[in-house]
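The structure appears below as C-alpha cells.
In the UniProt record's numbering, the protein residues as written are 1 to 326.
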C-alpha cells in the first residue's frame, strides 16, 4: 500500500485517457520512457552537480512517484534521483501484457534500468515497491548499489486486520463488490480513509497536500483501468506471499548483496512492526531504522530522518569501497 493519492523504442501500449495534469513539485520534471509493450512516467530532479550517483525510487500499491517527492528533494545533494510510476499507476498506462505480479513489475524496473544504463543505482522501495525492489536486487545485483526499503511488503504469517481489505482485492469478483459498496463515497472520504490507514499521525498531512491528494484520487477513480491495476497488483502481492522455494521473497532477501537500510514504523497498519526483526536478520549486514510514531509511509512522514539514515548508509558504503581498493 502507498500513500495519499496520494530514449527508447516507441511503445506498443494502447493510448489510455488521462484526466487533468500531473502535479509537479518545484524543481521536479517529468518525462516518459517508452519501451516495447511498456511506458512509464518518470519524475526526476536535475542533479545539483555532476558526478552524483544515480538513485531510483519505487512506490507502493495505489501510489505514484509523487510519494517520493519530499525525500528526493532532501537527497538532491547526495544522489541523482528519479522515481517511476509503475505500470498502471500514477501517470503510467497499463502494461501491454497486463502483468501486475511482483515479478512483472520487477521486470519493468529492470528493463527501465537496462535501457537507461543508469545502474548500479541506489534503489528505494516502499511497500509493494519494497517487494519489487527486493526481487530486483536479488536477481540483478549488478543493478543495485544499495537498497533502502520502507515498510516492504514481505510475507508475514499473521497479517494485520487493517490489511485484510487490501488482501481481499485479490479475491476474484471482489472488486465489483467493493465498487458497489463504496460507490457513495466521495473523493474526500476515500482520501481520509487512505491517510488514516497509511499515516501514523494523519494530522501531519498539510491542507495543501490533502487537497492535492483528493484531486489525484478523483483523477485515478475516473481511469478505466483503475480497479484492474489495484486488483491484479493485490493478487500479485498475495501470490508473492505464497510463493516458496528459490523465488520466495524471504529466500531472495537472503541473496541480496547490496548494503541495505530497513525502515519500519511503529504505527504501521499494513506491514507489522514485528516484521522488522525478521527482515533485519534476512538481509545480510543490514541496518534498521525504527520510527515508533511513523505509519506505512515513513519517507513522507519523516523524510528528513529517512534522508539522514540513507546518507549514513551512502557514506559507509563509499568508505568501504575505498578501503577495499586500498
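Just so you know, even glycine gets a beta-carbon here, dropped at the ideal spot from N, CA and C.
Would you kindly report the start and end of the unbroken alpha helix (DSSP H) that includes residue i?
i: residue 252; result: 249-253
i: residue 80; result: Not the alpha helix (DSSP H): residue 80 falls in the beta strand (DSSP E), residues 80-84.
i: residue 105; result: 102-116
i: residue 71; result: 69-74
i: residue 235; result: 226-242
i: residue 301; result: 298-301
Between which two residues does the beta strand (DSSP E) carrying residue i extend?
i: residue 42; result: 38-44
i: residue 201; result: That residue, residue 201, is in no beta strand (DSSP E); it is neither H nor E in DSSP.
i: residue 122; result: 121-126
i: residue 267; result: First-last for residue 267: undefined, no H or E at that position.
i: residue 278; result: Counting along the chain, residue 278 falls outside any beta strand (DSSP E), though it belongs to the alpha helix (DSSP H) covering 275-282.
Let me confirm a value: residue i is counted as buried when at least 16 other C-beta atoms fall within 10 Å, else exposed. Which label applies?
i: residue 67; result: buried
i: residue 293; result: exposed
i: residue 130; result: buried
i: residue 180; result: exposed
i: residue 257; result: exposed
i: residue 97; result: exposed
i: residue 252; result: buried
i: residue 208; result: exposed
i: residue 39; result: buried
Please report the straight-line C-alpha distance between residue i and residue j, rounded to a whole angstrom.
i: residue 311; j: residue 78; result: 7 Å
i: residue 228; j: residue 191; result: 19 Å
i: residue 235; j: residue 302; result: 30 Å
i: residue 282; j: residue 184; result: 44 Å
i: residue 268; j: residue 87; result: 26 Å
i: residue 2; j: residue 203; result: Confidence is the limiting factor: at residue 2 the pLDDT is only 42, short of 50, which leaves the residue's position unreliable and the question unanswerable from this model.
i: residue 290; j: residue 273; result: 9 Å
i: residue 254; j: residue 226; result: 34 Å
i: residue 155; j: residue 245; result: 13 Å
i: residue 74; j: residue 304; result: 7 Å
State the beta-bridge partners of residue i as determined by DSSP.
i: residue 287; result: 261
i: residue 54; result: 80
i: residue 34; result: 39
i: residue 148; result: 124 and 261
i: residue 246; result: Beta-bridge pairing links residue 246 to no other residue.
i: residue 29; result: 44
If contacts are defined as beta-carbon pairs under 8 Å, then residue i and residue j qualify, I think. What distance do you get, rounded to the angstrom?
i: residue 55; j: residue 81; result: 4 Å
Mind checking whether the beta-carbon of residue i lies closer than 7 Å to any heavy atom of the ligand SAM?
i: residue 241; result: The model depicted lacks the ligand SAM and carries no ligand whatsoever.
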